[in-house]
Structures are given as structure tokens and as C-alpha cells.
Amino acid sequence: MPLILKVVLLAIVQGFTEFFPISSSGHLVVLQKILNFTTLPLVYDLFLHLGTLLAVVIYFFKDLQPLVLRCYEKENFRMLLLLATASLPTAIIGFAFKDFFEALFEKTFYLGFCFIFTAAVLLASRYFRLKKVPIFPAAFLIGIAQGIAIIPGISRSGITIAVALILGLGFEFSFRFSFLLSIPAILGAVLLEYDKIPWQGGHWPQLLLAVLVSALAGFLALGLLKKIMIKEKFHRFAIYLLVLAALVFLFL
């Protein structure tokens with residue numbers, strides 16, 4: 402398959418699976434294995450995430466604007482504190498286990514178990530709901546969940562939204578908070594992988610295409626996911642994950 406088609410395919414998969422609770426990193430590992438796409442995998446993964454970051458910024462622009470321009474107002478400042486509280490454990494986990502997480506992108510044997518774990522958490526969010534937990538401890542727990550989701554096969558959006566729902570935070574807040582929280586997480590990942598960007602290489606056309614396609618796919622996925630959550634069908638993604646886990650065990 403020509404490189405340009407591989408990039409487009411990876412970008413479409415990244416855009417949808419980053420926001421659907423089915424693990425973009427897990428799908429990229431599987432797809433790279435199937436396509437034997439081994440050229441600069443971490444760099445492409447990085448730029449694909451930049452595309453989904455762009456999608457989040459555009460989709461949540463009305464939410465981000467007051468957080469930036471009127472950060473001194475009480476509600477906006479509180480949201481920023483919540484995002485900082487959740488980002489702290491994510492940063493600690495990501496930095497402490499950076500090499501371990503990077504090594505996992507070269508393996509597939511564990512993916513099925515991670516897909517099953519994500520499915521179990523999604524199902525738990527449907528059937529187990531606590532009374533509303535104090536918001537700052539809840540944010541910290543969501544941040545821990547996001548840190549764990551660096552492992553390929555564990556969905557970042559899936560586990561953060563599901564944990565928020567289990568902690569009694571409601572669909573609207575869980576959806577919004579999860580994706581606002583992805584912004585510092587993705588920016589942090591970019592900084593950690595900054596030295597791997599091929600500034601002098603010839604990959605720039607493909608990398609920029611990856612950003613644009615994943616951004617478009619991600620924007621569409623966000624709109625679809627919100628509709629799914631409004632209908633309270635979020636947990637049904639678990640069925641897909643269980644089928645995917647079985648296929649991974651059988652064929653990879």
C-alpha cells in the first residue's frame with residue numbers, strides 16, 4: 402500500500418477511535434501490525450494526536466474561550482483548577498513510565514486484555530453509579546484513569562468518561578471534562594516526544610496530511626459521540642471491544 406494511503410487510513414482511524422471509547426492507540430498498533438507500517442510509528446502517532454487536539458479545540462471553542470479570556474471569573478477559575486488537579490497524576494504517570502509505554506507500541510500480545518478491561522469499565526459506568534463524589538477528589542481519580550489510558554488498548558476517552566459517570570458527575574459534565582482534559586495531556590505528550598520530530602526529514606507532507614485528516618475525522622466523531630451519550634448508549638461500545646479482543650487473540 403502506498404505511504405500516502407497508509408497515512409490517510411491511520412488518520413481516519415485515529416480521528417474516530419480517539420473520541421469513541423475504543424482506544425485509538427490500540428487500533429493504531431493493530432493497524433500498523435496488519436499494514437507492516439513501521440516507519441516512524443511514534444512520530445506519526447504524535448502528529449495524529451495533534452490532529453485530534455485541533456478537533457477538540459475547534460469543537461469546544463466556546464468552552465475554551467471563557468477559560469482563556471475570563472479565567473479570573475469564579476466558575477472558569479474553578480474549572481481550570483479541576484483540569485490542573487486531574488492533569489497532575491496523568492503527568493506523573495506519563496513521565497515515570499514513559500519508556501515502558503513507548504515499548505508497548507511495538508507489541509500486541511497484551512492488547513486483547515486491555516480491550517477487555519476498557520469494555521468492563523464501560524459496562525460498569527452503566528450499572529454502577531455512586532452518589533456525587535466531591536468534585537476535586539473526583540477530578541484527581543479521573544486524572545489517574547487518564548494516566549493509565551496511555552497504555553495502548555485502554556481508551557482515554559472511554560475510561561475518563563466512564564470513571565466520571567461512576568463518580569456521579571453526569572453525562573454532560575463527563576463528556577465536556579474528559580475532552581477538555583485531553584488538551585493538556587496531548588500537549589504534554591508532544592513536549593515529551595519533541596526530539597523525535599523530523600525537522601530536517603522529508604515526511605512533512607504526510608505528517609501534515611495526517612493532522613488534517615485526523616482533525617476532520619475527530620470533529621465528526623465528537624458530534625456523533627455526544628449524540629450517543631445523550632441517548633445513554635455509551636456502554637454499548639463494550640460489545641465492539643469484546644469482539645475486537647477476541648479477534649486480536651485469534652489472529653495477532
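For the sequence shown, the residue numbers in the numbering used here are 402 to 653. Note that CB positions come from ideal geometry on N, CA and C, so glycine has one too.
Asked, Found
"Using the three-state DSSP reduction, which class does His450 fall into: helix, strand or coil?", "helix"
"Given Phe502, which residues of its chain have a CB within under 7 Å of its CB, disregarding the five upstream and five downstream residues?", "Ile551, Ile552"
"For Phe541 versus Ala487, is the C-beta distance shorter than 8 Å?", "yes"
"What three-state label does DSSP hand Phe541 in the structure shown?", "helix"
"Using 8 Å for Cβ pairs, my map puts Ala565 next to Ile543. What's the rounded Cβ distance?", "6 Å"
"Is it buried or exposed, Val414, if we count other Cβ atoms within 10 angstroms and call 16 or more buried?", "buried"
"Could you check how far apart the C-beta atoms of Gly416 and Ala456 are, in whole angstroms? I think they sit under 8 Å.", "7 Å"
"Around the Cβ of Glu633, are there at least 16 other Cβ atoms within 10 angstroms (buried) or fewer (exposed)?", "exposed"
"In three-state DSSP terms, what is Leu441?", "No answer about Leu441 holds up, because its pLDDT of 49 lies below 50 and its placement is not dependable."
"May I have a chain-ordered list of the alpha helix (DSSP H) segments no shorter than 4 residues that lie completely inside the segment 484-523?", "499-505"
"Compute the Euclidean distance between the alpha carbons of Phe537 and Phe506, then round it to the nearest angstrom.", "32 Å"
"What ranges does the alpha helix (DSSP H) occupy inside the segment 555-619, keeping only unbroken runs of at least 4 residues that lie completely in it?", "557-567, 572-593"
"In chain order, what residues of the same chain lie with their CB nearer than 6 Å to the CB of Leu441, ignoring the 5 residues before and after it?", "Per-residue confidence for Leu441 stands at a pLDDT of 49, beneath the threshold of 50, marking its modelled position as unreliable; the derived number appears in the next sentence. Cβ neighbours of Leu441 beyond the five flanking positions: none."
"Under 6 Å Cβ to Cβ from Thr561, same chain only, skipping five residues before and after it: list those, please.", "Ile543, Ala546, Gln547, Ser579"
"In the DSSP assignment, the alpha helix (DSSP H) including His636 goes from what residue to what residue?", "Segment: none, His636 is in no alpha helix (DSSP H) and carries neither H nor E."
"Going by DSSP, what residue range makes up the alpha helix (DSSP H) through Val408?", "404-420"
"Take Lys434 and list the residues in its own chain whose beta-carbon comes closer than 8 Å to its own, dropping the five residues that flank it on each side.", "Thr509, Leu653"
"Quick check: what's the CA-CA separation for Leu582 versus Trp605?", "28 Å"
"DSSP on Arg527, reduced to helix/strand/coil?", "helix"
"Can you tell me whether Val644 is buried or exposed, with buried defined as 16 or more other CB within 10 angstroms of its CB?", "exposed"
"Can you grab the Cα-Cα spacing for the pair Phe650 / Gln466, in whole Å?", "45 Å"
"For Pro467, report the span of its alpha helix (DSSP H) as first-last.", "462-470"
"Please classify Leu523: is it buried, with 16 or more other beta-carbons within 10 angstroms of its beta-carbon, or exposed?", "buried"
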